[in-house]
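For the sequence shown, position 174 matches number 174 in the UniProt record's numbering, and the numbering has no gaps at all. Ideal Cβ placement from N, Cα and C applies to all residues, glycine included. Every value quoted in this text rests on a predicted model; they were computed, and no experiment measured them. First comes the structure, then the notes that go with it.
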Amino acid sequence: MPRRALITGITGQDGSYLAEFLLAKGYEVHGIKRRASSFNTGRIDHLYEDPHRPDPGLHLHYGDLTDAASLTRILAQTRPDELYNLGAQSHVAVSFEAPDYTAQVNALGTLRLLEAIRFLKLDTRIYQASTSELYGQVAETPQRETTPFHPRSPYAVAKLYAYWITVNYREAYGMHASNGILYNHESPRRGETFVTRKITRGLCQVAQGLEPCLYLGNLDARRDWGHARDYVRMQWLMLQQDTPRDYVIATGQQHSVRQFLIWAAEGLGLELAFEGSGVTERARVARITGDLAPSLRIGQVIARIDPRYYRPAEVDSLLGCAARAREDLGWQPEITARALCAEMVAADLQEARRDALLRAQGWRPDRCAMDGTAPPPQ
Ligand code: NDP
Ligand code: GDR
């Protein structure tokens with residue numbers, strides 16, 4: 001019998017890499033997807049087989065972390081050996097706009113899953129997607145599993161509840177439930193509004209003449225960025241241990257948002273010069289090598305600050321120490337932040353070139369793509 005895994009958040013960045021990883025290991029993979037008014041399975045479409053074929057590896061179920069009935073039904077039907085709770089309202093800035101919903105999904109959604117597993121008496125191992133945002137205003141650097149938490153957003157406070165309810169069910173009911181305290185991890189599949197993807201996608205669009213300028217918030221924030229592919233391997237490893245335990249997962253290297261912007265520009269053959277400060281800071285093109293940015297000229301401003309992207313409470317600096325993961329699990333990240341940035345630029349450049357080509361043929365993005373015919377070239 002193949003092992004059976006259930007993934008919440010399978011349509012997200014991590015869910016898609018984890019599904020790929022588990023399918024390659026021979027798992028029967030089940031995923032929970034939300035009902036949406038348009039397709040939301042773009043990241044896993046390449047994994048999906050016709051469900052009418054005998055023994056498809058991947059099965060999708062409609063459900064929602066705010067809906068205990070759907071979670072209990074899916075758990076009762078699938079009886080998974082392993083549950084990966086990756087589903088979340090995962091955007092920190094958005095959590096200030098929708099704090100109640102964020103708590104419903106991120107905090108109580110986790111409780112609903114744990115309680116359903118307890119009620120159904122399942123012998124399921126549980127991975128909870130915890131986060132470095134728990135440390136928020138950091139008490140020590142680098143942070144490790146023993147560092148005190150000080151969350152700085154409704155997102156992080158909701159994740160704090162999820163962290164502790166996972167520990168509580170482990171201690172109270174002997175469940176095999178573990179928290180992975182993961183630092184930022186990115187990839188070409190990263191959501192377009194997180195800063196790394198916003199930078200790589202935005203700069204590629206600017207380079208291809210699709211947008212005039214990229215607008216960002218706090219360039220001084222520092223993060224410990226890794227690659228999502230490295231991090232899902234660790235999620236699986238945690239559930240293969242005899243004893244459940246919580247782990248920090250990080251690269252141990254820290255960079256600023258400004259540095260990531262500089263790397264992305266370098267990937268396009270651009271050298272940047274920064275001028276101004278605070279909300280007036282901007283980045284100009286100082287030198288161009290190669291032909292990856294055909295629309296740009298020396299002196300052109302390609303990135304500016306928009307204070308709308310500042311947060312009511314910021315997490316200035318995060319840096320993790322993954323010594324426990326290294327010692328217990330033999331885990332080491334393989335991809336550096338710089339290589340990650342290069343991979344993201346390469347993927348976004350391909351997309352921007354395609355869009356530039358379409359635009360040259362008369363396609364205009366100011367018209368709903370679903371309306372069919374594009375307006376005539378101007
Ligand atoms: P994404 O935002 O890419 O994916 C989130 C997933 O959760 C999507 O599949 C989304 O569905 C689903 N989801 C959102 N709301 C609900 C809901 N109400 N019910 C069911 N599913 C829902 O996040 P990542 O893949 O980057 O992150 C995975 C997890 O890890 C998240 O819990 C995140 O908070 C956590 N984390 C992420 C880190 C990172 O750097 N990436 C670091 C630390 C923790 P849909 O596709 O329909 O929107
Ligand atoms: P984060 O990721 O909040 O760390 O949460 P994000 O990429 O959104 O922000 C990182 C830092 O960049 C600064 N920043 C900007 N951020 C965004 N989104 N847009 C901007 O224009 C911008 N300009 C500067 C932010 O202020 C911040 O300091 C991610 C998510 O994946 C969470 O789910 C996860 O838990 C944590 O990482 C670890």
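Inset, instruction - For the segment 215-225 and the segment 183-196, state whether three or more C-beta atom pairs, one from each stretch, are separated by less than 8 Å. - result: yes
Inset, instruction - Taking only heavy atoms of the ligand GDR into account, decide whether any of them is closer than 6 Å to the Cβ of A221. - result: yes
Inset, instruction - Compare the C-alpha of W263 against each of H150, D355, A342 and Y155 and name the closest. - result: A342
Inset, instruction - List the endpoints of the continuous alpha helix (DSSP H) containing Q350. - result: A337 to A360
Legend entry - Pairwise C-alpha distance: S178 and A76: 21 Å
Inset, instruction - Indicate, with yes or no, if the ligand GDR has a heavy atom lying under 6 Å from the CB of residue 389. - result: Summary: the structure shown does not reach residue 389, with the chain confined to residues 1 through 378, and so no result is reported for it.
Legend entry - Residue burial classification, residue 394 (beta-carbon count within 10 angstroms, cutoff 16): There is no way to answer for residue 394, as the model of the chain reaches only from 1 to 378.
Legend entry - For the ligand GDR, residues whose Cβ lies under 5 Å from any non-hydrogen atom: S90, V92, T131, S132, E133, N184, F194, V195, L216, G217, N218, A221, V257 and Y309
Inset, instruction - May I ask you to verify whether the segment 296-309 touches the segment 125-145, counting CB pairs closer than 8 Å and requiring at least 3? - result: no
Inset, instruction - Might you give, ordered along the chain, the residues of its own chain that have their beta carbon closer than 6 Å to the beta carbon of H150, omitting 5 neighbours on each side? - result: G136 and Q137
Inset, instruction - Determine contact between the segment 52-72 and the segment 109-128, defined as no fewer than three beta-carbon pairs at a distance below 8 Å. - result: yes
Inset, instruction - Evaluate contact between the segment 203-216 and the segment 236-246, counting only Cβ atoms and requiring at least three cross-stretch pairs below 8 Å. - result: no
Inset, instruction - Report yes if the C-beta distance between A293 and L268 is below 7 Å; otherwise report no. - result: yes
Legend entry - Within 7 Å, strictly: CB atoms of C213 and R311: no
Legend entry - Entirely enclosed alpha helix (DSSP H) segments - the segment 61-124, minimum 4 residues: 68-78, 92-97, 99-102 and 109-119
Inset, instruction - Starting from the C-beta of A250, find all residues in its chain whose C-beta is less than 6 Å away, skip the five residues before and the five after it, and write them out in chain order. - result: Y183, D224, G320 and A322
Inset, instruction - Decide if H46 is buried, meaning its Cβ has at least 16 other Cβ atoms within 10 Å, or exposed. - result: exposed
Legend entry - Where I305 sits in the DSSP three-state scheme: strand
Inset, instruction - Determine which residues share a DSSP beta bridge with V138 and list them. - result: Answer is none; V138 lacks a bridge partner.
Legend entry - Residue from S90, D316, P80 and H61 whose Cα sits closest to the Cα of Q254: D316
Legend entry - Burial state of K25 (16 or more Cβ within 10 Å): exposed
Inset, instruction - Taking all protein chains shown into account, decide if S153 is buried (16 or more other Cβ within 10 angstroms of its Cβ) or exposed. - result: buried
Legend entry - Own chain residues within Cβ distance below 8 Å of Q128, not counting five before or after: N85, T110, A162, Y163, T166, A177, S178, N179 and G180
Legend entry - Unbroken stretches of the alpha helix (DSSP H), 4 residues or longer, contained in the segment 218-261: 228-239
Legend entry - Simplified DSSP state of T11, which is helix, strand or coil: coil
Legend entry - First through last residue of the beta strand (DSSP E) which encompasses N179: A177 to L182
Inset, instruction - Spatial neighbours of A93 within its chain, please: CB distance less than 7 Å, with the 5 preceding and 5 following residues excluded, ordered by chain position. - result: R311
Legend entry - Endpoints, alpha helix (DSSP H) assigned at K33: From DSSP, K33 is part of no alpha helix (DSSP H) but of the beta strand (DSSP E) over E28 to K33.
Legend entry - Cβ neighbours of R170 in the same chain (closer than 7 Å, five flanking residues each side left out): A177 and P244
Inset, instruction - Take S256 as the anchor and find which of R189, S37 and I199 has the nearest alpha-carbon. - result: I199
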